[in-house]
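The numbering of the sequence shown is my numbering, which starts it at 281 and goes up by one. Built from N, CA and C at the ideal position, the CB exists for glycine as well. Every value quoted in this text rests on a predicted model; they were computed, and no experiment measured them. Worksheet for the structure shown next.
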Amino acid sequence: MEDIVKRYFESRKDVAFAFLFGSQARGNATIRSDVDIAVYFHPKKRRPLEVEGEVFYETEDRIWTDLERLFNKEVDLVVLNRVPATVGASAIKGTPLVINDWGLYLDFMLVVTDIAEDFREFIITDYMERAGIERRDQS
Numbered sequence: 281m282e283d284i285v286k287r288y289f290e291s292r293k294d295v296a297f298a299f300l301f302g303s304q305a306r307g308n309a310t311i312r313s314d315v316d317i318a319v320y321f322h323p324k325k326r327r328p329l330e331v332e333g334e335v336f337y338e339t340e341d342r343i344w345t346d347l348e349r350l351f352n353k354e355v356d357l358v359v360l361n362r363v364p365a366t367v368g369a370s371a372i373k374g375t376p377l378v379i380n381d382w383g384l385y386l387d388f389m390l391v392v393t394d395i396a397e398d399f400r401e402f403i404i405t406d407y408m409e410r411a412g413i414e415r416r417d418q419s
């Protein structure tokens with residue numbers, strides 16, 4: 281099935297990259313599990329890379345419908361152009377289905393993983409301060 285989906289995305293020129301993530305990618309899906317697919321569309325503005333918030337891509341619904349037909353399962357289609365960095369960083373840890381634009385993928389990966397790491401550090405520091413735990417030097 282993964283090969284069929286890879287071919288599907290390879291034929292789509294509007295998608296810069298796509299990943300399978302979640303339980304299907306981890307190999308612990310059940311019969312009830314949906315299929316989580318993350319796509320990054322070629323953005324309306326090429327640079328700088330930024331979250332596009334309210335932008336809707338005209339082919340989103342078609343892709344979602346096609347994927348549900350291919351998998352014969354419920355599909356959760358995540359548009360990476362408008363997700364928080366933590367979601368984007370998690371999605372690209374999955375299985376790549378296609379990377380049509382390596383430059384854009386690398387830019388995205390660097391931006392979201394950097395922001396997600398900063399957020400993680402903020403959460404850890406905040407928790408430790410609230411709990412009164414002294415942090416050891418990381419060096």
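Query                                                                                                                                                                 : Result
So, do the stretch 358-371 and the stretch 299-318 have three or more beta carbon pairs nearer to each other than 8 Å?                                                : yes
Just tell me which of 355, 353, 384, 393 has its CA closest to the CA of residue 366.                                                                                 : 393
Taking 8 Å as the cut-off, does the stretch 298-313 touch the stretch 333-341 (at least 3 CB pairs, one atom from each stretch)?                                      : no
Identify which residue in 381, 387, 375, 364 has its Cα closest to the Cα of residue 285.                                                                             : 375
Please report the distance separating the alpha-carbon of residue 290 from that of residue 344.                                                                       : 16 Å
Please determine, among 397, 404, 413, 384, the residue with the shortest C-alpha to C-alpha distance to residue 324.                                                 : 384
Determine the extent of the alpha helix (DSSP H) in which residue 285 is found, giving its start and end residues.                                                    : 282-290
Using the rule of at least 16 other Cβ atoms within 10 Å of the residue's Cβ for burial, across every protein chain shown, is residue 407 buried or exposed?          : exposed
Which whole-angstrom value describes the C-beta separation of residue 337 and residue 359, a residue pair presumed to lie in contact below a C-beta threshold of 8 Å? : 7 Å
Mind checking residue 412: buried by the 16 CB within 10 Å criterion, or exposed?                                                                                     : exposed
Just list the alpha helix (DSSP H) runs in the stretch 300-359, keeping only unbroken ones of 4 residues or longer that don't cross its boundaries, in chain order.   : 303-306, 340-351
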